[in-house]
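**Q** Structure below; questions to follow.
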Amino acid sequence: MRTRAAVAVQAGKPLEIMEVNLAGPKAGEVLVEIKATGICHTDEFTLSGADPEGLFPAILGHEGAGVVVEVGPGVTSVKPGDHVIPLYTPECRACPSCLSQKTNLCTSIRATQGQGLMPDGTSRFSTLDGDPILHYMGCSTFSNYTVLPEIAVAKVREDAPFDKICYIGCGVTTGIGAVINTAKVEIGAKAVVFGLGGIGLNVIQGLRLAGADMIIGVDLNPAKVPMAERFG
55 MRTRAAVAVQ AGKPLEIMEV NLAGPKAGEV LVEIKATGIC HTDEFTLSGA
105 DPEGLFPAIL GHEGAGVVVE VGPGVTSVKP GDHVIPLYTP ECRACPSCLS
155 QKTNLCTSIR ATQGQGLMPD GTSRFSTLDG DPILHYMGCS TFSNYTVLPE
205 IAVAKVREDA PFDKICYIGC GVTTGIGAVI NTAKVEIGAK AVVFGLGGIG
255 LNVIQGLRLA GADMIIGVDL NPAKVPMAER FG
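Residue numbers for the sequence shown follow our numbering, so the first one is 55 and each next one is one higher.
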């Protein structure tokens with residue numbers, strides 16, 4: 055099929071809106087229509103050319119939300135019509151990393167994801183001339199349609215607004231995960247959060263969920279105080 059995408063053709067150059075070819079999902083893969091996408095600083099970092107792992111041409115974007123259009127053979131966790139968000143750090147729950155609780159290093163994904171490829175070592179995107187275009191962080195949400203491994207999508211409620219939930223796949227999970235999984239904050243803890251941007255706000259939310267007694271937010275911009283108070 056053909057789809058429109060914002061393609062990072064070259065480091066340091068603006069994204070180019072163009073039609074690209076997108077192959078359908080293979081076994082264990084899912085075709086998703088992206089309804090909304092966030093823009094993360096990591097996307098800009100890669101596009102700038104400062105990212106040593108950046109590869110081009112590629113379709114960036116890793117904060118998204120959409121609807122399953124088609125599933126490949128063997129897919130059981132989602133079906134066409136399901137609302138989903140992509141996950142750039144999925145877990146297969148079967149590889150040595152996942153079984154040793156190092157799910158962020160899932161070898162079913164990591165070996166090829168950093169190369170801009172699907173787990174089988176190929177890309178589903180290509181130019182209209184047939185030249186490969188790389189995936190990005192396993193998601194490529196800067197495309198109207200994208201193909202992802204089944205383990206890289208999470209089903210969500212159908213009444214959840216796409217323009218809100220698209221942020222969950224990165225900013226929310228990064229902030230809350232830092233509190234719960236990395237810092238392992240305990241009930242009654244006291245914490246200081248430096249920087250009240252998207253991730254900082256979700257660190258505050260995570261601290262509240264973890265039962266912290268005192269949460270202090272620090273930022274140079276006083277306009278961020280009301281939102282920080284809403285988050286916890």
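Glycine included, C-beta positions come from ideal geometry on N, C-alpha and C. Fair warning: this is a prediction, and the values are worked out from it, not measured in the lab.
Determine whether the beta carbon atoms of Met172 and Tyr142 lie at a separation below 8 Å.
**A** No, they are not a contact pair.
**Q** For Val246, count the other beta carbons within 10 Å of its own beta carbon; 16 or more makes it buried, fewer makes it exposed. Which is it?
**A** Exposed, by the Cβ-count rule.
**Q** Helix or strand or just coil, what does DSSP make of Thr166?
**A** In the structure shown, Thr166 sits in a helix (DSSP, three-state: H, G or I).
**Q** State the CB to CB distance for the pair Gly223 and His116, rounded to an integer number of angstroms; the pair is presumed to be in contact (CB under 8 Å).
**A** The pair is a contact, with the Cβ atoms about 7 Å apart (cut-off 8 Å).
**Q** On a CA-only basis, which of Ser197, Ile241, Met72 and Val272 is nearest Gly254? Give me that one, please.
**A** Selected option, being the one with the closest Cα: Val272.
**Q** Roughly how many whole angstroms lie between the Cα atoms of Leu114 and Glu145?
**A** Using only the alpha carbons, I get a separation of about 21 Å.
**Q** Using the three-state DSSP reduction, which class does Lys218 fall into: helix, strand or coil?
**A** Helix, per DSSP.
**Q** Rounded to a whole number of angstroms, what is the C-alpha to C-alpha distance between Gln167 and Ala112?
**A** Distance between the alpha carbons of Gln167 and Ala112 is about 12 Å.
**Q** Using CA coordinates, which residue listed in Pro134, Pro280, Tyr199 and Val84 is at the minimum distance from Arg56?
**A** For the residues Pro134, Pro280, Tyr199 and Val84, the minimum Cα distance to Arg56 belongs to Tyr199.
**Q** Please state the DSSP three-state secondary structure of Asp270.
**A** The sequence given here has Ile at residue 270, not Asp. Ile270 falls in the strand class under three-state DSSP.
**Q** Tell whether a beta-carbon distance below 8 Å holds between Ser151 and Thr161.
**A** Yes; because the gap between Cβ atoms is below 8 Å, this pair is in contact.
**Q** Rounded to a whole number of angstroms, what is the C-alpha to C-alpha distance between Leu261 and Ala277?
**A** So the alpha carbons of these two residues sit roughly 21 Å apart.
**Q** Quick check on the DSSP output: the alpha helix (DSSP H) that includes Glu283 runs from which residue to which?
**A** That run of the alpha helix (DSSP H) goes Val279 to Phe285.
**Q** Can you give me the C-alpha to C-alpha distance between Ile234 and Gly286, rounded to a whole angstrom?
**A** Those two C-alpha atoms are separated by around 15 Å.
**Q** Does the count of Cβ pairs from the stretch 90-105 and the stretch 199-211 closer than 8 Å reach three?
**A** No contact exists between the stretch 90-105 and the stretch 199-211.
**Q** Using CA coordinates, which residue listed in Gly120, Thr195 and Pro79 is at the minimum distance from Val210?
**A** The shortest Cα separation from Val210 among Gly120, Thr195 and Pro79 belongs to Gly120.
**Q** For Ala59, which of Ala104, Val122, Lys89 and Pro79 has the nearest alpha-carbon?
**A** The residue with the shortest Cα to Cα distance from Ala59 is Lys89.
**Q** The beta strand (DSSP E) spanning Thr200 covers which residue range?
**A** Looking at the DSSP string, the run of the beta strand (DSSP E) that includes Thr200 is Tyr199 to Pro203.
**Q** So, for Thr195: in the same chain, excluding its five sequence neighbours on each side, which residues have a beta-carbon less than 7 Å away from its beta-carbon?
**A** These residues qualify, in order along the chain: Ile88, Thr91, Gly115, His116, Glu117, Gly118 and Pro140.
**Q** Return the chain-ordered ranges of every alpha helix (DSSP H) run that is complete within the stretch 126-161 and spans a minimum of 4 residues.
**A** Segments of the alpha helix (DSSP H) lying fully in the stretch 126-161: 150-153.
**Q** Please return the same chain residues whose Cβ sits closer than 6 Å to the Cβ of Asp105, not counting the five positions on each side in sequence.
**A** If we look at Asp105 and ignore the five residues flanking it on each side, its Cβ neighbours are Phe99.
**Q** Since I believe Pro79 is in contact with Glu124 (beta carbons under 8 Å), could you give me their beta-carbon distance rounded to a whole number of angstroms?
**A** With a Cβ gap of about 6 Å, Glu124 and Pro79 count as contacting.
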